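K.L.:
Residue numbers (our numbering): 4 to 370.
For every residue, glycine included, the Cβ atom is placed at its ideal position computed from N, Cα and C.
It should be emphasised that the depicted structure is a prediction, and the values quoted were computed from it without experimental measurement.
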(Lines of atoms letter the chains of each structure in order from A and count residues from 1; the text may use other names and numbers.)
(Lines give C-alpha, C1' and ligand atoms only; values in the text may rest on other atoms or scores of the structure.)
Protein backbone atom coordinates (compact mmCIF):
# COMPACT_ATOMS: atom_id res chain seq x y z
CA UNK A 1 0.00 0.00 0.00
CA UNK A 2 1.43 3.38 -1.03
CA UNK A 3 2.31 5.72 1.80
CA UNK A 4 0.57 9.04 2.10
CA UNK A 5 2.49 12.28 1.87
CA UNK A 6 3.89 13.11 5.30
CA UNK A 7 2.76 16.73 5.10
CA UNK A 8 -0.73 15.54 4.22
CA UNK A 9 -0.73 13.14 7.18
CA UNK A 10 -0.10 16.02 9.59
CA UNK A 11 -2.33 18.45 7.70
CA UNK A 12 0.42 21.04 7.08
CA UNK A 13 2.20 22.64 4.14
CA UNK A 14 5.89 22.32 3.24
CA UNK A 15 6.84 25.73 4.61
CA UNK A 16 5.71 25.00 8.17
CA UNK A 17 8.08 25.94 11.00
CA UNK A 18 9.48 23.41 13.45
CA UNK A 19 7.36 24.88 16.26
CA UNK A 20 4.12 24.69 14.27
CA UNK A 21 5.05 21.21 13.05
CA UNK A 22 5.21 20.00 16.64
CA UNK A 23 1.79 21.54 17.36
CA UNK A 24 0.30 19.87 14.30
CA UNK A 25 1.72 16.47 15.24
CA UNK A 26 0.49 16.83 18.79
CA UNK A 27 -3.01 17.63 17.59
CA UNK A 28 -3.18 14.60 15.27
CA UNK A 29 -1.50 12.24 17.74
CA UNK A 30 -3.83 13.25 20.55
CA UNK A 31 -6.82 12.56 18.30
CA UNK A 32 -5.70 9.03 17.40
CA UNK A 33 -3.78 8.11 20.57
CA UNK A 34 -4.37 4.43 21.52
CA UNK A 35 -5.30 5.36 25.08
CA UNK A 36 -8.15 7.48 23.73
CA UNK A 37 -9.18 4.94 21.10
CA UNK A 38 -8.92 1.50 22.73
CA UNK A 39 -9.35 -1.47 20.37
CA UNK A 40 -9.53 0.85 17.34
CA UNK A 41 -7.10 -0.54 14.75
CA UNK A 42 -7.74 2.29 12.29
CA UNK A 43 -6.89 4.93 14.91
CA UNK A 44 -3.77 2.99 15.91
CA UNK A 45 -2.56 2.93 12.30
CA UNK A 46 -3.17 6.65 11.89
CA UNK A 47 -1.31 7.27 15.14
CA UNK A 48 1.69 5.29 13.86
CA UNK A 49 1.48 7.09 10.52
CA UNK A 50 1.53 10.50 12.23
CA UNK A 51 4.45 9.46 14.43
CA UNK A 52 6.45 8.30 11.42
CA UNK A 53 5.71 11.54 9.59
CA UNK A 54 6.78 13.65 12.53
CA UNK A 55 10.02 11.70 13.03
CA UNK A 56 11.05 12.40 9.43
CA UNK A 57 9.90 16.02 9.20
CA UNK A 58 11.27 17.05 12.60
CA UNK A 59 14.79 15.98 11.52
CA UNK A 60 16.24 18.65 9.21
CA UNK A 61 18.41 16.18 7.22
CA UNK A 62 15.63 13.62 6.78
CA UNK A 63 13.18 16.37 5.89
CA UNK A 64 15.51 17.73 3.20
CA UNK A 65 15.94 14.22 1.75
CA UNK A 66 12.19 13.65 1.82
CA UNK A 67 11.47 17.01 0.15
CA UNK A 68 13.89 16.14 -2.67
CA UNK A 69 13.28 12.43 -3.23
CA UNK A 70 10.01 11.66 -1.44
CA UNK A 71 9.66 8.39 0.50
CA UNK A 72 12.63 6.89 -1.37
CA UNK A 73 14.88 9.52 0.18
CA UNK A 74 14.17 8.20 3.70
CA UNK A 75 13.80 4.50 2.88
CA UNK A 76 16.75 2.50 4.30
CA UNK A 77 16.41 -0.06 1.52
CA UNK A 78 16.92 2.71 -1.02
CA UNK A 79 19.92 4.11 0.80
CA UNK A 80 17.98 6.85 2.53
CA UNK A 81 17.63 7.66 6.23
CA UNK A 82 15.97 5.46 8.79
CA UNK A 83 12.26 5.06 8.12
CA UNK A 84 9.49 3.88 10.40
CA UNK A 85 9.59 5.30 13.88
CA UNK A 86 12.68 3.86 15.53
CA UNK A 87 13.17 6.97 17.67
CA UNK A 88 9.53 7.24 18.63
CA UNK A 89 10.20 7.13 22.36
CA UNK A 90 12.22 10.34 22.08
CA UNK A 91 9.46 11.95 20.03
CA UNK A 92 6.87 10.91 22.58
CA UNK A 93 8.84 12.31 25.51
CA UNK A 94 9.43 15.58 23.68
CA UNK A 95 5.89 16.24 22.51
CA UNK A 96 3.73 14.60 25.22
CA UNK A 97 5.95 14.95 28.28
CA UNK A 98 3.84 17.67 29.84
CA UNK A 99 0.70 15.52 29.56
CA UNK A 100 1.94 12.16 30.76
CA UNK A 101 4.58 13.38 33.21
CA UNK A 102 7.61 12.71 31.07
CA UNK A 103 9.73 14.73 28.71
CA UNK A 104 12.92 16.64 28.69
CA UNK A 105 14.72 14.92 31.54
CA UNK A 106 15.64 16.66 34.76
CA UNK A 107 13.76 16.65 38.02
CA UNK A 108 10.63 18.67 38.54
CA UNK A 109 10.34 21.05 41.46
CA UNK A 110 7.11 20.44 43.35
CA UNK A 111 4.71 23.28 44.08
CA UNK A 112 2.90 23.81 47.36
CA UNK A 113 -0.88 23.58 47.48
CA UNK A 114 -3.07 26.64 47.01
CA UNK A 115 -5.29 27.54 49.96
CA UNK A 116 -8.69 29.23 50.21
CA UNK A 117 -9.94 31.40 53.05
CA UNK A 118 -13.49 32.78 53.32
CA UNK A 119 -13.51 36.36 54.60
CA UNK A 120 -16.82 37.76 55.84
CA UNK A 121 -17.27 41.52 55.48
CA UNK A 122 -20.16 43.92 56.04
CA UNK A 123 -21.92 45.55 53.12
CA UNK A 124 -20.35 48.88 54.08
CA UNK A 125 -16.86 47.33 54.03
CA UNK A 126 -17.52 45.66 50.68
CA UNK A 127 -18.76 48.89 49.11
CA UNK A 128 -16.11 51.24 50.52
CA UNK A 129 -13.17 48.82 50.88
CA UNK A 130 -11.29 47.82 54.00
CA UNK A 131 -8.16 46.12 55.33
CA UNK A 132 -8.67 42.93 57.33
CA UNK A 133 -6.38 40.79 59.45
CA UNK A 134 -6.78 37.05 58.98
CA UNK A 135 -5.17 34.00 60.58
CA UNK A 136 -4.45 31.08 58.27
CA UNK A 137 -3.21 27.66 59.44
CA UNK A 138 -0.77 26.40 56.82
CA UNK A 139 2.54 24.66 56.14
CA UNK A 140 5.60 26.92 56.01
CA UNK A 141 9.24 26.27 55.14
CA UNK A 142 11.21 24.72 57.98
CA UNK A 143 13.68 27.26 59.38
CA UNK A 144 15.96 24.57 60.84
CA UNK A 145 16.87 23.07 57.45
CA UNK A 146 15.88 26.09 55.31
CA UNK A 147 13.23 23.94 53.65
CA UNK A 148 15.62 21.29 52.29
CA UNK A 149 14.37 18.52 54.61
CA UNK A 150 17.95 17.38 55.29
CA UNK A 151 19.64 17.45 58.69
CA UNK A 152 22.14 20.24 59.29
CA UNK A 153 25.50 19.23 57.83
CA UNK A 154 23.97 16.81 55.33
CA UNK A 155 22.28 17.20 52.00
CA UNK A 156 19.97 15.18 49.75
CA UNK A 157 21.58 12.56 47.51
CA UNK A 158 20.72 11.57 43.94
CA UNK A 159 17.88 9.07 43.62
CA UNK A 160 19.19 5.68 42.51
CA UNK A 161 15.89 4.69 40.87
CA UNK A 162 15.85 7.49 38.30
CA UNK A 163 19.51 8.47 38.40
CA UNK A 164 18.66 11.94 39.68
CA UNK A 165 16.49 13.03 36.74
CA UNK A 166 13.14 12.62 38.51
CA UNK A 167 11.68 10.57 35.64
CA UNK A 168 11.61 6.88 34.78
CA UNK A 169 10.97 5.38 31.34
CA UNK A 170 8.35 2.65 31.07
CA UNK A 171 7.57 0.48 28.06
CA UNK A 172 3.93 0.37 26.97
CA UNK A 173 3.36 -1.79 23.91
CA UNK A 174 5.18 -0.44 20.86
CA UNK A 175 6.19 2.85 22.51
CA UNK A 176 7.65 3.99 25.81
CA UNK A 177 6.64 6.79 28.14
CA UNK A 178 8.32 8.78 30.84
CA UNK A 179 6.66 9.03 34.24
CA UNK A 180 7.43 10.69 37.55
CA UNK A 181 9.85 8.60 39.57
CA UNK A 182 7.90 6.79 42.34
CA UNK A 183 10.90 6.78 44.69
CA UNK A 184 11.71 10.51 44.77
CA UNK A 185 8.37 11.77 43.38
CA UNK A 186 10.09 13.76 40.69
CA UNK A 187 12.57 15.51 42.98
CA UNK A 188 15.57 13.60 41.67
CA UNK A 189 16.99 13.39 45.20
CA UNK A 190 16.46 11.28 48.32
CA UNK A 191 17.00 12.47 51.91
CA UNK A 192 19.12 9.91 53.78
CA UNK A 193 19.47 11.94 57.01
CA UNK A 194 16.22 13.92 57.55
CA UNK A 195 15.86 17.09 59.60
CA UNK A 196 14.61 16.41 63.13
CA UNK A 197 12.26 19.41 63.15
CA UNK A 198 10.29 18.71 59.95
CA UNK A 199 11.19 14.97 59.63
CA UNK A 200 12.46 15.42 56.10
CA UNK A 201 9.42 17.26 54.75
CA UNK A 202 11.07 20.66 54.60
CA UNK A 203 7.95 22.29 56.08
CA UNK A 204 6.12 22.59 59.40
CA UNK A 205 2.62 23.63 60.52
CA UNK A 206 2.15 27.25 61.49
CA UNK A 207 -0.64 29.83 61.76
CA UNK A 208 0.16 32.95 59.77
CA UNK A 209 -1.40 36.36 60.40
CA UNK A 210 -1.88 38.22 57.14
CA UNK A 211 -3.21 41.62 56.18
CA UNK A 212 -5.73 41.55 53.32
CA UNK A 213 -6.59 44.71 51.42
CA UNK A 214 -10.20 44.43 50.27
CA UNK A 215 -10.81 46.79 47.31
CA UNK A 216 -13.95 48.93 47.18
CA UNK A 217 -16.86 47.40 45.27
CA UNK A 218 -16.22 43.70 45.91
CA UNK A 219 -19.17 41.34 46.16
CA UNK A 220 -19.82 37.83 47.46
CA UNK A 221 -17.90 35.28 45.41
CA UNK A 222 -15.05 37.63 44.45
CA UNK A 223 -11.57 36.28 45.18
CA UNK A 224 -8.39 38.07 46.18
CA UNK A 225 -5.14 36.25 45.36
CA UNK A 226 -2.21 36.50 47.75
CA UNK A 227 0.73 35.14 45.79
CA UNK A 228 3.11 32.89 47.71
CA UNK A 229 0.95 32.78 50.86
CA UNK A 230 -0.29 29.22 50.37
CA UNK A 231 1.37 26.03 51.53
CA UNK A 232 5.12 25.62 51.27
CA UNK A 233 6.22 22.82 48.94
CA UNK A 234 8.08 19.75 50.19
CA UNK A 235 11.87 20.14 50.23
CA UNK A 236 12.07 23.77 49.22
CA UNK A 237 9.79 23.88 46.17
CA UNK A 238 7.61 26.76 45.03
CA UNK A 239 5.08 28.00 47.61
CA UNK A 240 1.41 27.95 46.59
CA UNK A 241 -1.01 30.89 46.65
CA UNK A 242 -3.78 31.89 49.05
CA UNK A 243 -7.18 32.80 47.61
CA UNK A 244 -9.34 34.93 49.90
CA UNK A 245 -13.01 34.52 48.94
CA UNK A 246 -15.34 37.35 49.88
CA UNK A 247 -18.67 36.67 51.62
CA UNK A 248 -20.80 39.76 52.29
CA UNK A 249 -22.95 39.54 55.41
CA UNK A 250 -26.71 40.08 55.17
CA UNK A 251 -27.66 43.72 55.81
CA UNK A 252 -30.55 44.89 58.00
CA UNK A 253 -31.77 47.46 55.46
CA UNK A 254 -30.19 47.01 52.03
CA UNK A 255 -29.98 44.22 49.49
CA UNK A 256 -27.41 44.38 46.70
CA UNK A 257 -27.86 43.33 43.08
CA UNK A 258 -24.74 44.16 41.08
CA UNK A 259 -24.24 47.92 41.19
CA UNK A 260 -27.70 48.69 42.59
CA UNK A 261 -28.98 48.68 46.17
CA UNK A 262 -32.60 47.95 47.15
CA UNK A 263 -34.51 48.80 50.30
CA UNK A 264 -38.09 48.99 51.57
CA UNK A 265 -39.32 52.31 52.94
CA UNK A 266 -42.39 52.04 55.24
CA UNK A 267 -44.66 55.12 55.31
CA UNK A 268 -47.89 55.79 57.17
CA UNK A 269 -51.32 55.96 55.62
CA UNK A 270 -51.57 59.76 55.81
CA UNK A 271 -48.21 60.33 54.06
CA UNK A 272 -49.22 57.93 51.31
CA UNK A 273 -52.52 59.76 50.73
CA UNK A 274 -51.37 63.34 51.14
CA UNK A 275 -47.74 63.03 50.04
CA UNK A 276 -44.75 64.78 51.57
CA UNK A 277 -41.01 64.61 52.17
CA UNK A 278 -39.61 61.64 54.05
CA UNK A 279 -36.07 60.64 55.06
CA UNK A 280 -34.55 57.49 53.59
CA UNK A 281 -31.20 55.89 54.49
CA UNK A 282 -28.24 55.50 52.12
CA UNK A 283 -24.74 54.18 52.75
CA UNK A 284 -23.57 57.82 52.79
CA UNK A 285 -26.20 59.08 55.24
CA UNK A 286 -29.86 60.14 55.11
CA UNK A 287 -31.45 61.95 52.16
CA UNK A 288 -34.87 63.47 51.49
CA UNK A 289 -37.32 61.65 49.23
CA UNK A 290 -40.39 63.47 47.92
CA UNK A 291 -43.41 61.16 47.95
CA UNK A 292 -46.29 62.37 45.77
CA UNK A 293 -49.88 62.21 46.99
CA UNK A 294 -51.88 59.00 46.41
CA UNK A 295 -48.73 56.84 46.42
CA UNK A 296 -49.50 53.12 46.42
CA UNK A 297 -47.68 50.25 48.13
CA UNK A 298 -45.00 48.82 45.84
CA UNK A 299 -44.19 52.13 44.15
CA UNK A 300 -40.45 52.19 43.32
CA UNK A 301 -38.35 55.35 43.55
CA UNK A 302 -34.83 55.58 42.11
CA UNK A 303 -32.10 57.61 43.81
CA UNK A 304 -29.42 57.90 41.17
CA UNK A 305 -25.79 57.46 42.15
CA UNK A 306 -26.61 56.16 45.63
CA UNK A 307 -25.68 52.55 44.85
CA UNK A 308 -22.31 50.83 44.45
CA UNK A 309 -19.32 51.27 42.16
CA UNK A 310 -18.39 47.66 41.26
CA UNK A 311 -14.77 46.62 41.61
CA UNK A 312 -14.67 45.96 37.84
CA UNK A 313 -16.50 49.09 36.70
CA UNK A 314 -16.54 52.87 36.91
CA UNK A 315 -20.28 53.57 36.84
CA UNK A 316 -21.98 53.89 40.22
CA UNK A 317 -25.33 52.19 40.58
CA UNK A 318 -28.58 53.51 42.05
CA UNK A 319 -30.60 53.03 45.23
CA UNK A 320 -34.09 51.64 44.56
CA UNK A 321 -36.60 52.48 47.29
CA UNK A 322 -39.81 50.46 47.43
CA UNK A 323 -42.70 52.11 49.26
CA UNK A 324 -44.64 50.00 51.77
CA UNK A 325 -47.79 51.64 53.15
CA UNK A 326 -48.38 50.53 56.73
CA UNK A 327 -51.80 49.91 58.23
CA UNK A 328 -52.10 51.95 61.46
CA UNK A 329 -52.27 49.95 64.70
CA UNK A 330 -53.08 50.70 68.37
CA UNK A 331 -55.68 53.34 67.43
CA UNK A 332 -57.63 55.22 70.09
CA UNK A 333 -61.43 55.31 70.09
CA UNK A 334 -61.42 58.86 68.70
CA UNK A 335 -59.09 57.87 65.86
CA UNK A 336 -61.34 54.92 64.98
CA UNK A 337 -64.39 57.18 64.92
CA UNK A 338 -62.60 59.53 62.53
CA UNK A 339 -61.72 56.59 60.26
CA UNK A 340 -65.35 55.34 60.29
CA UNK A 341 -66.51 58.81 59.29
CA UNK A 342 -63.85 58.83 56.57
CA UNK A 343 -64.91 55.35 55.43
CA UNK A 344 -68.52 56.44 55.14
CA UNK A 345 -67.46 59.42 53.02
CA UNK A 346 -65.86 57.07 50.49
CA UNK A 347 -68.96 55.00 49.84
CA UNK A 348 -70.26 55.19 46.30
CA UNK A 349 -67.23 57.11 45.07
CA UNK A 350 -64.30 55.83 43.00
CA UNK A 351 -61.44 56.48 45.38
CA UNK A 352 -59.95 52.96 45.03
CA UNK A 353 -59.41 52.33 41.29
CA UNK A 354 -57.48 49.13 41.79
CA UNK A 355 -60.11 47.70 44.11
CA UNK A 356 -62.88 48.60 41.64
CA UNK A 357 -61.00 46.90 38.79
CA UNK A 358 -60.44 43.82 40.93
CA UNK A 359 -64.13 43.47 41.81
CA UNK A 360 -65.13 43.89 38.15
CA UNK A 361 -62.72 41.11 37.24
CA UNK A 362 -64.16 38.87 39.95
CA UNK A 363 -67.71 39.40 38.62
CA UNK A 364 -66.61 38.47 35.10
CA UNK A 365 -64.89 35.36 36.45
CA UNK A 366 -67.98 34.03 38.24
CA UNK A 367 -70.36 34.98 35.42
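#1: List, from N- to C-terminal side, the alpha helix (DSSP H) runs of 4 residues or more that fit wholly inside the region 268 to 335.
#2: Is it the case that the Cβ atoms of residue 294 and residue 279 are separated by a distance below 8 Å?
#3: Nearest to residue 238 by CA position, among 262, 200, 123, is which residue?
#4: DSSP on residue 38, reduced to helix/strand/coil?
#5: Give the straight-line distance between the Cα atoms of residue 162 and residue 244, rounded to the nearest whole angstrom.
#6: Going by the DSSP bridge assignment, what does residue 173 pair with across the sheet?
#7: On the criterion of 16 or more Cβ atoms from any shown chain inside 10 Å, does residue 170 qualify as buried, or is it exposed?
#8: Give me the residue from 129, 246, 77 with the minimum Cα distance to residue 139.
#9: Assuming the contact rule is C-beta atoms closer than 8 Å, residue 152 and residue 187 should be a hit. Round their C-beta distance to whole Å, please.
#10: Answer yes or no: do residue 12 and residue 46 have a C-beta to C-beta separation smaller than 8 Å?
#11: Could you tell me the distance, in whole angstroms, from the CA atom of residue 189 to the CA atom of residue 160?
#12: Does the region 136 to 150 touch the region 265 to 273, meaning 3 or more C-beta pairs lie closer than 8 Å?
#13: Between residue 181 and residue 226, what straight-line distance do the alpha-carbon atoms span, to the nearest angstrom?
#14: Looking at the unbroken alpha helix (DSSP H) that takes in residue 68, where does it start and where does it end?
#15: For the alpha helix (DSSP H) that contains residue 54, what are its first and last residues?
#16: Compare the C-alpha of residue 51 against each of 35, 236, 114 and name the closest.
#17: Tell me which residue opens and which closes the beta strand (DSSP E) that residue 139 is part of.
#18: Using the Cα positions of residue 165 and residue 196, report the straight-line distance between them to the nearest angstrom.
#19: Does residue 93 come out as helix, strand or coil in the three-state DSSP assignment?
#20: Should residue 326 go down as buried or exposed, given a rule of 16 or more other Cβ atoms within 10 Å for buried?
#21: Here's a check: name, in chain order, each residue in its chain whose Cβ is nearer than 7 Å to the Cβ of residue 263, leaving out the five neighbours to either side.
#22: Taking the beta strand (DSSP E) that residue 234 belongs to, which residues open and close that run?
#23: Short of 7 Å in beta carbon distance, which residues of its chain neighbour residue 214, apart from the five on each side in sequence? Order them along the chain.
#24: Leaving out the 5 sequence neighbours to the left and right, which residues in its chain are closer than 8 Å to residue 155 when beta-carbon positions are compared?
#25: State the beta-bridge partners of residue 263 as determined by DSSP.
#26: I'd like the list of long-range same chain contacts for residue 220, defined as Cβ closer than 8 Å, with 5 residues on each side in sequence excluded.
#27: Output needed for residue 300: all residues of its chain with C-beta closer than 7 Å, excluding positions within five of it in sequence on either side, in chain order.
#28: Excluding the 5 residues flanking residue 184 on each side, which residues of the same chain have their C-beta closer than 7 Å to its C-beta?
#29: Sort 228, 216, 207 by Cα distance to residue 235 and report the nearest one.
#30: Since residue 217 is in the beta strand (DSSP E), which residue starts that stretch and which ends it?
P.N.:
Reading off the structure:
#1: 272 to 277
#2: yes
#3: 200
#4: coil
#5: 29 Å
#6: 180
#7: buried
#8: 246
#9: Rounded, the Cβ-Cβ distance is 12 Å, inconsistent with contact.
#10: no
#11: 13 Å
#12: no
#13: 37 Å
#14: 63 to 72
#15: 44 to 60
#16: 35
#17: 133 to 144
#18: 20 Å
#19: At residue 93 the pLDDT is 44, less than 50, meaning the model places this residue with poor confidence and gives no usable figure here.
#20: buried
#21: 310, 320, 321, 323
#22: Element bounds for residue 234: n/a, residue is neither H nor E.
#23: 134, 136
#24: 147, 148, 198
#25: 260
#26: 129, 130, 132, 311, 312, 313, 314, 315, 316
#27: 326, 327, 328
#28: 162, 164, 165, 169, 170, 171
#29: 207
#30: 206 to 217
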